[in-house]
Amino acid sequence: MPHILIVEDETIIRSALRRLLERNQYQVSEAGSVQEAQERFTIPTFDLIVSDLRLPGAPGTELIKLGQGTPVLIMTSYASLRSAVDSMKMGAVDYIAKPFDHDEMLQAVARILRDRQSLQSAGTESVSGKATPVAAKNGVDNSNGEIGIIGSCPPMQDLYSKIRKVAPTDSNVLIQGESGTGKELVARALHNLSRRAKAPMISVNCAAIPESLIESELFGHEKGAFTGASAGRAGLVEAADGGTLFLDEIGELPLEAQARLLRVLQEGEIRRVGSVQSQKVDVRLIAATHRDLKSLAKIGQFREDLYYRLHVIALKLPALRERGADVNEIATAFLARQSARVNRTDLKFAPDAEQAIRHYSWPGNVRELENAVERAVILCESPEISAELLGIDIELNDLDDDEFIGLAPQQGNGAGNTSHEPTEDLSLEDYFQHFVLEHQDHMTETELARKLGVSRKCLWERRQRLGIPRRKTGVASES
10 MPHILIVEDE TIIRSALRRL LERNQYQVSE AGSVQEAQER FTIPTFDLIV
60 SDLRLPGAPG TELIKLGQGT PVLIMTSYAS LRSAVDSMKM GAVDYIAKPF
110 DHDEMLQAVA RILRDRQSLQ SAGTESVSGK ATPVAAKNGV DNSNGEIGII
160 GSCPPMQDLY SKIRKVAPTD SNVLIQGESG TGKELVARAL HNLSRRAKAP
210 MISVNCAAIP ESLIESELFG HEKGAFTGAS AGRAGLVEAA DGGTLFLDEI
260 GELPLEAQAR LLRVLQEGEI RRVGSVQSQK VDVRLIAATH RDLKSLAKIG
310 QFREDLYYRL HVIALKLPAL RERGADVNEI ATAFLARQSA RVNRTDLKFA
360 PDAEQAIRHY SWPGNVRELE NAVERAVILC ESPEISAELL GIDIELNDLD
410 DDEFIGLAPQ QGNGAGNTSH EPTEDLSLED YFQHFVLEHQ DHMTETELAR
460 KLGVSRKCLW ERRQRLGIPR RKTGVASES
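Quick note on our numbering: the sequence shown kicks off at 10 and runs consecutively.
This is the structure:
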């Protein structure tokens, strides 16, 4: 059982983190300061140290030296994020911003311990010149074990193959996919399988930083560059020097910041806000977006030259609804994780829940699935999790074509018109499109949804997916 040391001066946070880790089968010791940790424990004997950055007396970064190779995960508030990045330059293995999500913390801990075990295994077997992957040692199929993503459908196998080919290079990568599909997991895999794996990977959500601050956050600033700039600070691009910069939701990046980023890609240099001097940086850029950057470039909302710089390698993540049986495999993994959090070993999905998971369209993708499983585990009082507990609405648009054939809307529409029976060779989407185009001139959206047996929301979503515009003429206003 891995032994983790928590160093945190706030008792509430320290106790909560201890309970979280102990529920997930970790042995935990704790201290309120670096000095207390030195007095009570032999620090290098721990498998991992999780420490706050700002502590009474010596800062948490002091544990990097005292740990003598033990990985140190730094906790910090967003306000001191760049200080945490600086701590990574001093040797911290990673940082996590407060307040942290429980799953985010558990994922970081598991990843760090897994990497530590992998390095130790590689070290013990280097005499023979061969290193056996950890996944293989544990009897797990390691076809994507080193990538760390669950799923084995053909689109994902193709993605794994591309990741292995692209990761060792320094080429820029653009990851495309709907929100919640796991684009950051792909970026993490690319970094971990690259020659930069021991250097930091700095992740930035471009949509989460105010537009007025994003240039300063990314590229740094000099003292006096703007009101409140009382000292010069390095930016996140500079902090990623030698490693990987992951820009999530890059389609939200303002045009001015795009111009600066283009200079980083073209010249390999940055200039802090308010400075006339440039400095060289060695950064591998991975970007992600759920938007169509090419279309944005055509209408002037994204720089076309930046788009082509980013689009050296494009990786497409399939939506969860396109991954077949993977959805049940992922749900089972989430169930195991959530069951461990609440100390239950008897939970399983009932047959109706498994069917619901398989047939629901999951518009929120993996993130929505994880939330549904977490909710069900919390509310479940019996060993079996029912479909009702998942809180998802299985409607007509979520059924497979062969389940839909023969199901027709009610005859008549109150206007003297009758709907036609579907022919056996019509798919669900063909029938939906045929029915909507035939009746939307004389039926409201509410009537259309009722006749099709779906909600107005599902009708709207299917219109978007099939590209069927909503006509506003010839139908009474719905107020």
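Each residue gets a CB set at the ideal place from its N, CA and C atoms; glycine is no exception.
Since the structure is predicted, the reported quantities are computational estimates derived from the model, not experimental observations.
Taken through DSSP and simplified to helix, strand or coil, Tyr317 comes out as helix. Exposure of Met99 is indicated by the presence of fewer than 16 other C-beta atoms within 10 angstroms of its C-beta.
Below 8 Å, enough C-beta pairs join the segment 60–80 and the segment 31–47 to call them touching: three or more. Membership of Phe228 in the alpha helix (DSSP H) is indicated by the continuous run Ile223 to Phe228. The criterion of a C-beta distance shorter than 8 Å is not satisfied by Ile15 and Pro80.
The beta strand (DSSP E) runs of length 3 or more contained entirely in the segment 266–322 are, from start to end of the chain, 293–298. As for any beta strand (DSSP E) of minimum length 3 sitting wholly inside the segment 23–63, the runs are 36–40 and 57–61, ordered along the chain. Proximity to Phe109 across Ala25, Thr253, Ala101 and Tyr169 peaks at Ala25, based on C-alpha coordinates.
Proximity of the segment 226–243 to the segment 270–284 meets the contact definition, three or more beta-carbon pairs being nearer than 8 Å. With respect to the 8 Å criterion, Ile184 and Ala297 are classified as neighbours on the basis of their beta carbons. In the same chain as Ser212, and ignoring 5 residues on each side of it, the C-beta atoms closer than 7 Å to its own belong to Glu193, Phe255 and Asp257, in chain order.
Exclusion of the five residues before and after Glu220 leaves Pro263 as the residues of its chain whose Cβ lies within less than 7 Å of its Cβ. His451 carries a coil assignment under DSSP once its states are collapsed to helix, strand and coil. DSSP places Ile339 inside the alpha helix (DSSP H), whose first and last residues are Asp335 to Arg350. Of the residues assessed, Ser370 falls on the buried side of the cut-off, its CB having 16 or more other CB atoms within 10 angstroms. By the Cβ test, the segment 325–343 is in contact with the segment 379–396, since at least three Cβ pairs between them sit closer than 8 Å. Per DSSP, the unbroken alpha helix (DSSP H) holding Tyr169 starts and ends at Pro163 to Val175. Inside the segment 189–256, DSSP marks whole beta strand (DSSP E) runs of 3 or more residues at positions 210–214, from first to last along the chain. Between Arg204 and Pro164, the C-beta gap is not smaller than 8 Å, which leaves the two residues out of contact.
Beta-bridge analysis with DSSP links Lys357 to Glu393.
Less than 8 Å separates the beta-carbon of Ala198 from that of Ile172. Using a 10 angstroms sphere on the CB of Gly309, the tally of other CB atoms stays under 16, which defines it as exposed. Remark: three or more beta-carbon pairs, one from each stretch, lie closer than 8 Å, so the segment 288–308 and the segment 272–279 are flagged as touching.
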